[in-house]
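A.B. asks: Handing you a structure now.
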């Protein structure tokens with residue numbers, strides 16, 4: 001049975017576990033596009049926190065694109081799932097070819113989502129990184145590796161749903177992990193949602209524009 005109606009409800013529920021970070025000027029909520037942005041929007045709204053997007057791209061195994069062999073993120077970061085790479089005997093050339101294609105999409109999305117807005121300052125901030133769920137965790141790991149380069153004060157991983165072993169792994173990698181629900185045998189994140197339809201670029205842009213306008217109004 002699904003745990004959440006949709007990503008909006010998931011974000012509202014996830015925010016209830018993050019109330020300690022409400023109304024703090026140092027907090028920045030980052031949504032991983034595309035599906036993480038609607039969740040992050042609700043979290044940021046509930047916490048009265050700034051919202052932005054952090055672009056990460058999964059590196060799918062050729063012919064099995066849903067299976068992640070790694071991910072890339074802003075700042076030239078590449079994280080590989082060594083278990084998948086070794087078990088499927090994936091060559092360096094194949095990884096490089098997929099990474100080059102995904103790099104083009106990463107750059108396209110950064111330009112589309114942010115437009116003329118500069119990237120936020122991450123240094124010294126408390127950063128809450130939000131996605132709509134964690135399966136293998138490779139995408140989130142790439143985001144964390146990239147963000148560490150900017151020396152934030154704290155990194156918190158927050159997701160509505162994840163396998164318990166993935167949540168435990170991330171506890172060794174970041175300052176805090178908030179997983180709203182951790183069912184056993186989580187085969188696919190989408191099974192936790194009644195509506196897991198793909199989030200469009202247009203919706204990501206709309207939510208980021210709404211959040212940015214609210215932040216400008218609050219600071220004026």
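In UniProt numbering, the protein residues as written are 1 to 220. Glycine included, every Cβ here is placed at the ideal spot set by N, Cα and C.
Between the Cα of residue 134 and those of 157, 109 and 199, spot the shortest distance and give me the residue it belongs to.
C.D. replies: 157
A.B. asks: Going by the CB atoms, is the gap between residue 130 and residue 36 shorter than 7 angstroms?
C.D. replies: Contact flag set, yes.
A.B. asks: Which residues bound the alpha helix (DSSP H) around residue 42?
C.D. replies: 36-47
A.B. asks: Would you kindly check if the distance between the Cβ of residue 39 and the Cβ of residue 11 is under 7 angstroms?
C.D. replies: yes
A.B. asks: Would residue 223 and residue 143 be called neighbours here (beta carbons separated by less than 7 angstroms)?
C.D. replies: Residue 223 lies beyond the range of the chain shown here (1 to 220); nothing can be said about it.
A.B. asks: Rounded to the nearest angstrom, what separates residue 52 and residue 94 at their Cα positions?
C.D. replies: 32 angstroms
A.B. asks: On the CB-based measure, 16 or more other CB atoms within 10 Å of its CB, does residue 81 come out buried or exposed?
C.D. replies: buried
A.B. asks: What does DSSP give as the partner residue(s) for residue 4 in the beta ladder?
C.D. replies: BP columns for residue 4 point to 193.
A.B. asks: What is the residue span of the alpha helix (DSSP H) that residue 101 lies within?
C.D. replies: 92-114
A.B. asks: With a 10 Å radius around its C-beta and 16 neighbouring C-beta atoms as the bar for buried, classify residue 217 as buried or exposed.
C.D. replies: Low confidence applies to residue 217: its pLDDT is 41, below 50, so where it sits in the model is not reliable, and the reading given next is rough at best. Label assigned to residue 217: exposed.
A.B. asks: Can you say whether residue 109 is buried or exposed, counting buried as having 16 or more other CB atoms within 10 angstroms of its CB?
C.D. replies: With 16 or more Cβ atoms within 10 Å of its Cβ, residue 109 is classed as buried.
A.B. asks: Terminal residues of the continuous beta strand (DSSP E) containing residue 186?
C.D. replies: Neither: residue 186 is in no beta strand (DSSP E) and is coded neither H nor E.
A.B. asks: Measuring CA to CA, which of 27, 41 and 62 is closest to residue 205?
C.D. replies: When only C-alpha atoms are compared, the closest one is 41.
A.B. asks: In the DSSP assignment, find the beta strand (DSSP E) that holds residue 71 and state where it starts and stops.
C.D. replies: 64-73
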